[in-house]
Amino acid sequence: MALRIYNTLSRTKEEFTTIEPGKVRMYVCGPTVYADAHLGHAMSALVFDIARRYLEYKGYDVRYVMNFTDVDDKIINKANDLGVDAFLLAQQYIDGYKRNLEALNIKPATVNPRATEDMPQIIQMIQQLIDKESAYVVDGDVYYSVDSDEDYGKLSGRSLQTMNAGSRIQVDERKDHPMDFALWKSAKPGEPAWQSPWGLGRPGWHIECSAMNMVHLGEQIDIHGGGNDLIFPHHENEIAQTESITGKPFARYWMHNGMMGLKDEKMSKSVGNMITIDQFLSEHPGDVMRLWVLNGSYRSPLTYNESVIEQTTQGYKRLLSAKKDALPGAKGLTDRDQQKLAEAAEHAREAFVEAMDDDFNTSLAMAAIYELVKLINQARADGANDTQLGMAQSVFNELTSTLGLVLTEESSQGTSADAFIDLLVALRRDLRNEKNWAMSDKIRDELKALGVFLEDSKDGTTWSWES
RNA sequence: GGCGACGUGGCCAAGUGGUAAGGCAGGAGUCUGCAAAACUCUCAUCAUGGGUUCAAUUCCCAUCGUCGCCUCCA
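As numbered in the working numbering, residues 54 to 520 make up the first sequence, in order.
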């Protein structure tokens, strides 16, 4: 069964093949680092982490590049306001973002380039564009000429004729065409600047990504990802720049995730309606964020609200239930039932793969996992022993970890408390034997208030730290 | 104004030309001293109006509504 990916370029699902057999060159647009990252960034990072993990599960060797845009008006303005160095300010947010990604169990990228560290390649590419007459210099600024590119607009489905540039912002009179965009901006006082053939200045946003792709992945890549708000103009312009230079198709598959919304509006730094990743993770496990993304389609928008997070948390607890041990008095399944369990687990794996192969249909893949949860819990209720459960649980672990779920219970904050809890549970057992329900319930309630969760069964009591 | 996406049960959300996965919540049971968990059973005709078809939620058109992009943005 072959993996199919929805390609924004063709607006259809296409069978996935790579430039180099067994290897995937993948680039994902990372954030502009001038503020704490919010849930929209988390969504995007999770979507592509899941895609990457699945590609690796399929046996691909993935070279995964996620950049940081670290030179930009907003960073410069903020650094100037604070009176700090822009490069260091960016570094601070980069560090914070990396901590966020780690907390969300997002695998580290193979490389995290930052634009200011690939300046020679940026300048070289601009020069190549000028040499090919795809770009022109005006007073120390360099612009890309959209008229030089006959298929400009192919990603976003826009034609130059129908685009009404300048309808909302003023067009710079010095540009040949209103849609021409800056490759290089001459330095203004108080801005970081680099020496170039056109004088001191700094690069435009779009050329940075083209250059980082070139340096870290080469002229042609397999997958280029990012939020769908980047389709135009950012990715359109990346294509124009890179293909004008190489004359070859740039990325084979363009993948775009849907936007994160908050109260019927896109969550964004500029609108100010955002929940930061830090805020979210202070109240919820990282798995809940990931599960929320997995519940839907990566190309569709996601709208934040408390009740959906609550629902997701319940689903998360259900997943956790599959990992529990056999019941204390488990007698073991018959060989026949054990065989049926093994077959059902295998079936779940097949359903999972089939779902993921269809453009990463995580919603369907989760349905397969929930089926497996039910099977495991049924088997446990039917008396399966740990070995028998373990066979199905290993499939469960394989599938959930492919999606990047961690699913480890918050274990004891300090193991030193465990002995005391065991002692209380033992005392409570005696109270229950004496049918002292009032005292035993009191212990259970008060432990719960402390975050310790007791569950009684006819074979004894188990306890865990509640998350 | 242009381009694109979407509208499925109380909520989240897959999906298909032949009468609708999964999760949460709800209802009824099993188990249990109780609670919790788990398990069993139960809960929709797919925005509206037309059209094509033997048959449409799935295709086409229109209407209404929502969202994204066209400006920095994951």
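Quick reminder that beta carbons are idealized off the backbone N, C-alpha and C, glycines included.
What does the Cβ neighbour count give for L503, buried or exposed, with the cut at 16 atoms within 10 Å?
exposed
For the alpha helix (DSSP H) that contains P173, what are its first and last residues?
M172 to D184
contact_flag[the segment 138-157, the segment 256-263] where n(CB pairs < 8 Å) is 3 or more:
no
How about L236 and L283: do their beta carbons lie closer than 8 Å?
no
Specify, as a first and last residue, the run of the beta strand (DSSP E) that N310 falls within.
A304 to N310
Please state the DSSP three-state secondary structure of Y150.
helix
Can you tell me the Cα-Cα spacing of I362 and A434, whole angstroms?
29 Å
Which residue marks the beginning of the alpha helix (DSSP H) containing T122, and which one marks its end?
Here T122 belongs to no alpha helix (DSSP H), and DSSP marks it neither H nor E.
Buried or exposed: which applies to G75, given that a residue is buried once 16 or more other Cβ atoms fall within 10 Å of its Cβ?
exposed
Looking at A375 and I429, is the spacing between their C-beta atoms short of 8 Å?
yes
By DSSP, does G382 sit in helix, in strand, or in coil?
coil
With three or more beta-carbon pairs closer than 8 Å as the criterion, would you say the segment 447-465 touches the segment 483-490?
no
Compare the beta carbon distance of L380 and D512 with 8 Å and say whether it is the shorter of the two.
yes
Residues bridged to L355 by DSSP?
M313
Would you tell me roughly how many angstroms separate the C-alpha atoms of A421 and D439, rounded to the nearest one?
22 Å
Counting only the same chain and skipping the five closest in sequence on each side, list residues whose C-beta sits under 8 Å from that of G206.
S212, L213, M216 and E289
Taking the alpha carbon of R343 as the point to measure from, which residue in Q180, A143 and S416 has its own alpha carbon closest?
S416
Using DSSP bridges, identify the partner residues of H277.
Y80 and W307
Expressed to the nearest angstrom, what Euclidean distance is found between the alpha-carbon atoms of F413 and I58?
8 Å
With a threshold of 8 Å, are at least 3 pairs of Cβ atoms found where one atom belongs to the segment 122-138 and the other to the segment 84-99?
yes
DSSP beta-bridge partners of F506:
S517
Provide the residue span of the alpha helix (DSSP H) that contains T455, from first to last.
D439 to T455
Minimum C-alpha distance to K319 - residue among C82, R64 and H94:
H94
Could you please give the first and the last residue of the uninterrupted alpha helix (DSSP H) stretch that includes K66?
Careful: K66 lies outside any alpha helix (DSSP H), inside the beta strand (DSSP E) at T65 to E68.
Near the ligand ZN: E296 beta-carbon under 7 Å from a heavy atom
This structure does not include the ligand ZN; it has no bound ligands of any sort.
Helix, strand or coil, according to DSSP, for A90 in the structure here?
coil
Who does D498 pair with in a DSSP beta bridge?
Looking at the DSSP assignment, D498 forms no beta bridge with any residue, so it has no partner.
On the premise that I159 lies in contact with D200, defined as a C-beta separation below 8 Å, what is that separation, rounded to the nearest angstrom?
Rounded, the Cβ-Cβ distance is 41 Å, inconsistent with contact.
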